[in-house]
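Worksheet: the structure to be examined is printed underneath.
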Amino acid sequence: MKRAVWLTLPAWFWILSGNCRLSAQNLVITNARIIIGNGTVIDRGSIVIRNGRLASVAAGTPNVSAVETIDAHGMTAMPGFIDGHRHVNTGPSEKQQMQELLDAGYTTVLSGGGPAEGNLSLKEHIDKGLIKGPRIIPSGRVELANNTPEKARAEVRALAAQGIKFVGEMALTPKPGPTAKELENLRAIVDESKKVNVWVQIHAVSPQAMMAAVDAGVIKLVHTPHFGWLAQEDAQRVASAGVMQLSTIGFGVPVFGVFANDNKPRFRDGKPWPEAILDGEGRGREAGYKAVNARTSWDAGVVYGYGTDTNYQPKAGLEHELKSLNLMFSMQDIIKLMGPNTASYIEMSDQLGTLEAGKLADIVVLDGNPLEGYWNMLRTKLTIKGGVIVSNQR
Ligand SMILES: [Zn+2]
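Converting from the sequence shown to this note's numbering requires adding 92 to each position, the first position being numbered 1.
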């Protein structure tokens, strides 16, 4: 039987204005366990995707026709993974690197640094469809230590003019804490960023640097500090300032089986652990600081999100960050942290982070139930970005 299709006036305008991407299929996923990301789990439900967005997410089977229906019996659908801080840039192997990210389940990545131009061309290659890849949020860098407030302000304005929304990869001296000059420049950068609608992100790797950044008005921190313990009162001050912080919790934790299969502990750059840990204090105690400080931030109410600050193989990096997080956080916590909290960090809460109608259809379909263990978040079957299947490992 033929069914009449009624479109609302705004829908026609949307199609006629050329916003309708033909590649975004109408897709229905049925029989899936659905982790919405806001605490709700649907044991067996369906997701209807139309024009790249979530049209409905509900229990049962919907009565709709679709180009493609996926029976996800035994599988789980959850929001596509977002890395709020990963080092990606354009280059000769970008095609493979971007596919590896999609295969691991990442649908959005905030580029952690590198030249803004490189970030922008990578984004362009993906947006134009030259290569497949996650949604890239480009960032740019402003020099902190060797700069003047006036020059720093000009650099912020120049990045904003290029369309950059995040200024990142700026590190404060961790010990004994930032210099007066760094802080003077940082205050100028924060002040200028507000005028041109740009977010400032800081690598604050000691509690002192973290508190100095917060006092300078920074509300986005890409790290959990790892030089000493974060005091509860300080964490509460961070929370009340509305700060969002990313994990990078695996920083001091040894990596195995990625750079060589020799059962030797390695730092994230492949060099021997713990010697290669950046400014390490010895015996890899950073692993302990990070884990405890992460929970201190979380318990104080800081919006704590997910970031790896890595550039090695995405799935191995995912596993490493998840297992490190799992030391201090439940799977429910990890799902909140990766979904809504990281979406807040990248300022895309209205579009991403949960599987709710109206949001972008960024979904990862996994074999098994992530609530039973983080290892089930590594069993990627499908990655869907904006309603398009960008990785199929079924
Ligand atoms: Zn970084």
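For every residue, glycine included, the Cβ atom is placed at its ideal position computed from N, Cα and C.
For this session: Leaving aside the five residues before and after residue 141 along the sequence, list all residues of the same chain whose C-beta is less than 6 Å from its C-beta, in chain order.
Result: The residues 119, 453 and 479, in chain order, have a CB closer than 6 Å to that of residue 141 in the same chain once the five nearest residues on each side in sequence are set aside.
Problem set entry | Residue nearest to residue 378 in terms of C-alpha spacing, selected from 219, 196 and 321 | 321
Exercise. For the alpha helix (DSSP H) that contains residue 193, what are its first and last residues?
Worked result: 186 to 196
Exercise. Straight-line CA distance for residue 248 to residue 312?
Worked result: The alpha-carbon atoms of residue 248 and residue 312 are separated by roughly 16 Å.
Problem set entry | Endpoints, the beta strand (DSSP E) within which residue 317 is located | Here residue 317 belongs to no beta strand (DSSP E), and DSSP marks it neither H nor E.
Exercise. Is the stretch 118 to 133 touching the stretch 162 to 180, taking contact as three or more C-beta pairs under 8 Å?
Worked result: The answer is yes - the stretch 162 to 180 touches the stretch 118 to 133, with three or more Cβ pairs under 8 Å.
Exercise. Name the DSSP bridge partner or partners of residue 262?
Worked result: The bridge partners DSSP lists for residue 262 are 294.
For this session: Inspect the beta-carbon positions of residue 338 and residue 176 and report whether they are closer than 9 Å.
Result: Yes, they are a contact pair.
Exercise. Closest by CA to residue 232, which one among 217, 225 and 207?
Worked result: 207
Problem set entry | CA-to-CA distance, residue 143 to residue 108, given in whole angstroms | With a pLDDT of 42 at residue 108, under the threshold of 50, the modelled position of that residue is not reliable, and the figure given next carries that caveat. If I take the Cα positions, the gap works out to 13 Å.
Exercise. Skipping 5 residues on each side, what residues in its chain have a beta carbon closer than 7 Å to that of residue 415?
Worked result: 466
For this session: With hydrogens ignored, establish whether the beta-carbon of residue 261 is closer than 8 Å to any heavy atom of ligand 1.
Result: For residue 261, the shortest C-beta to heavy atom distance toward ligand 1 is below 8 Å.
For this session: Could you tell me which residues DSSP pairs with residue 160 in its beta bridges?
Result: Residue 160 has 119 as its beta-bridge partners, per DSSP.
Exercise. With respect to the beta strand (DSSP E) encompassing residue 488, which residues constitute its N-terminal and C-terminal limits?
Worked result: This structure cannot settle anything about residue 488, because the visible part of the chain is limited to 93 through 486.
Problem set entry | Cβ distance (whole Å) where residue 429 is taken to contact residue 397 below 8 Å | 6 Å
Exercise. For residue 151, is the classification buried or exposed, using 16 other Cβ atoms within 10 angstroms of its Cβ as the cut-off for buried?
Worked result: Under this definition residue 151 is an exposed residue.
For this session: State the CB to CB distance for the pair residue 366 and residue 375, rounded to an integer number of angstroms; the pair is presumed to be in contact (CB under 8 Å).
Result: 6 Å
For this session: Go through its chain and collect everything with a Cβ distance to residue 335's Cβ below 7 Å, but skip five positions before and after it.
Result: 306, 311, 313 and 394
Exercise. Who are the near neighbours of residue 328 in its chain, counting only those whose CB is closer than 6 Å to its CB and skipping five residues on each side?
Worked result: Correct list, in chain order: 392.
Exercise. With respect to 8 Å, is the separation between the Cβ of residue 401 and the closest non-hydrogen atom of ligand 1 below this value?
Worked result: Yes - ligand 1 has a heavy atom lying nearer than 8 Å to the Cβ of residue 401.
For this session: Could you confirm whether any beta carbon from chain B is found closer than 9 Å to the beta carbon of residue 256?
Result: Absent from the structure is chain B; it holds one protein chain and no more.
Problem set entry | Nearest to residue 384 (by Cα), restricted to the options 130, 418, 472 and 186 | For the residues 130, 418, 472 and 186, the minimum Cα distance to residue 384 belongs to 418.
Problem set entry | Cβ shell of residue 195 (< 8 Å), same chain only, five flanking positions each side left out | 406, 407, 472, 475, 483 and 485
Exercise. How many angstroms separate the CA atom of residue 308 from the CA atom of residue 326?
Worked result: So the two alpha carbons sit approximately 15 Å from each other.
Exercise. In this structure, does DSSP put residue 240 in helix, strand or coil?
Worked result: Coil at residue 240, not helix or strand.
For this session: Under the assumption that residue 204 contacts residue 446 (Cβ atoms under 8 Å), give the Cβ distance between them as a whole number of angstroms.
Result: Not really, about 24 Å apart at Cβ, beyond 8 Å.
Exercise. For residue 171, does the count of other Cβ atoms within 10 angstroms reach 16, so buried, or fall short, so exposed?
Worked result: buried
Exercise. Using DSSP with H/G/I as helix, E/B as strand and the rest coil, what is residue 437?
Worked result: Correct three-state label for residue 437: helix.
For this session: Might you give, ordered along the chain, the residues of its own chain that have their beta carbon closer than 7 Å to the beta carbon of residue 227, omitting 5 neighbours on each side?
Result: If we look at residue 227 and ignore the five residues flanking it on each side, its Cβ neighbours are 199, 200 and 477.
Exercise. Helix, strand or coil: how does DSSP classify residue 394 here?
Worked result: coil
Exercise. Rounded C-beta distance between residue 225 and residue 190? I'm assuming under 8 Å.
Worked result: 3 Å
For this session: Look up residue 406 in the DSSP assignment and give the residues it is bridged to.
Result: Note: residue 406 sits in no beta bridge, so no partner.
Exercise. Less than 8 Å between the CB of residue 350 and some heavy atom of ligand 1, yes or no?
Worked result: Checking every heavy atom of ligand 1 against the Cβ of residue 350, none is found closer than 8 Å.
Exercise. Where residue 234 and residue 317 are concerned, what is the direct C-alpha to C-alpha distance, given to the nearest angstrom?
Worked result: About 21 Å.
Exercise. Nearest CA to the CA of residue 422: which residue from 402, 404, 390 and 437?
Worked result: 390
Exercise. Does the count of Cβ pairs from the stretch 242 to 262 and the stretch 284 to 300 closer than 8 Å reach three?
Worked result: The stretch 242 to 262 makes contact with the stretch 284 to 300; the number of CB pairs closer than 8 Å reaches 3 or more.
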